[in-house]
Amino acid sequence: MSMKFSEFKRLLGAEPRSRDPKFLRARQSSPEFEAAAAMAEHFEARLEQSLMIPAPDGLAETLQSISQTAAVDSEHRRWWPLALAASVLIAVGAAGLTWNMNRGWDSVEEYVMDHYRHDGSRVMAMAGADKADDVQSILSELNVQAIPALAGIIGVIKYCPTPDGKGAHMILNTETGPVTVIYMPETQVTDRETLAFDDVRALLVALPRGSAAIIGPDQKLVSSLHGFIQQSIVPLAGKS
248 MSMKFSEFKR
258 LLGAEPRSRD
268 PKFLRARQSS
278 PEFEAAAAMA
288 EHFEARLEQS
298 LMIPAPDGLA
308 ETLQSISQTA
318 AVDSEHRRWW
328 PLALAASVLI
338 AVGAAGLTWN
348 MNRGWDSVEE
358 YVMDHYRHDG
368 SRVMAMAGAD
378 KADDVQSILS
388 ELNVQAIPAL
398 AGIIGVIKYC
408 PTPDGKGAHM
418 ILNTETGPVT
428 VIYMPETQVT
438 DRETLAFDDV
448 RALLVALPRG
458 SAAIIGPDQK
468 LVSSLHGFIQ
478 QSIVPLAGKS
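So the sequence shown is numbered by the numbering used here: it starts at 248 and just counts up by one.
1. When DSSP builds the beta bridges, which residues end up paired with asparagine 390?
2. Tell me which residue opens and which closes the alpha helix (DSSP H) that arginine 448 is part of.
3. By DSSP's criteria, threonine 441 is part of a beta bridge. Which residues make up the other side?
4. Out of Gly402, Arg369, Met360, Gly414, which one is the CA nearest neighbour of leucine 386?
5. Return the chain-ordered list of same chain residues with a C-beta closer than 6 Å to the C-beta of methionine 286, the five sequence neighbours on each side being excluded.
6. Please look up how many angstroms separate the CB atoms of alanine 449 and isoleucine 462, rounded, as I've assumed it's under 8 Å.
7. To the nearest angstrom, report how far apart glycine 399 and lysine 378 are at their CA atoms.
8. In this structure, does DSSP put tryptophan 346 in helix, strand or coil?
9. Considering just the uninterrupted stretch of the beta strand (DSSP E) at isoleucine 480, what are its terminal residues?
10. Let me check one thing: in DSSP terms, what residues is threonine 427 bridge-paired to?
11. Rounded to the nearest angstrom, what separates isoleucine 429 and histidine 416 at their Cα positions?
12. Do you know whose CA, among Met360, Met373, Glu262, Pro464, lies nearest isoleucine 418's CA?
13. What does DSSP give as the partner residues of threonine 409 in its beta bridges?
14. Compute the distance between the beta-carbons of alanine 469 and threonine 441, then report whether it is under 9 Å.
15. Under the assumption that proline 408 contacts methionine 371 (Cβ atoms under 8 Å), give the Cβ distance between them as a whole number of angstroms.
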């Protein structure tokens, strides 16, 4: 029995480079399957590229200097150079990650399609009736918060790459079913711009800080959430 396209996309989202014989046969069964697999692999390559963080010039010398300081420091201060070294690595990594994520997409629309085709089915499969516990902690790292009405219906939230740095991928448990929202804190969009691809519709939302893409099965549903999302993702106090 041939594999349905919906099942193929689910497997593709879970493991885009699978070498399972059944998966490979399905991939080769039609141009539609092959195109979907090629797009997923393309996104995977871009994601890997965004995580390739080259060490900056002089990092080795800096860490060696820190180690030498540790050797002559007093006993009760010996932890400090190690903590500093860790903070240097974390800071360098964060800066490199943000910079590298700027590359790879020619437009917001291309990013939304790539992202959803890669992660949409996989993250949607994680959705349930429960509220995610880490909504505000993740959003606060992006300098925003969700008002209680939104936070209460977010069933899944995770970090994700966006065209301009780290963002958040969310699944909302709405009365009519799960809906995807991708928050892009540093990306500007044309408010209410729409796009359609595969079997979904997407609506772009300009926010007080950044933007979002609402993705669902039909235009009426995503359009009905525009005002709610626009009013529900707000900057933290003192942030803009």
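In this text, a Cβ means the ideal position worked out from N, Cα and C, and glycines have one as well. Computed from a prediction, not measured in an experiment: that's the story for all the values here.
With the given structure in hand:
1. Under DSSP, asparagine 390 shares a beta bridge with no residue.
2. Per DSSP, arginine 448 belongs to no alpha helix (DSSP H); it is in the beta strand (DSSP E), 447-453.
3. Leu450
4. Gly414
5. The beta carbon of methionine 286 lies closer than 6 Å to those of Arg364 in the same chain, with the five residues before and after it left out.
6. About 5 Å; that satisfies the 8 Å criterion.
7. 6 Å
8. With a pLDDT of only 32 at tryptophan 346, under 50, the local geometry of the prediction cannot be trusted, and the value read off the model is given with reservation. Helix, per DSSP.
9. 480-482
10. Ile418, Ile462
11. 5 Å
12. Distances from the CA of isoleucine 418 to each of Met360, Met373, Glu262, Pro464 were compared; the closest alpha carbon is that of Met373.
13. Gly412
14. Correcting the residue type first, residue 469 is valine in the shown sequence and not alanine. Yes, Cβ-Cβ distance for valine 469 and threonine 441 is below 9 Å.
15. The Cβ separation is near 18 Å, so there is no contact.
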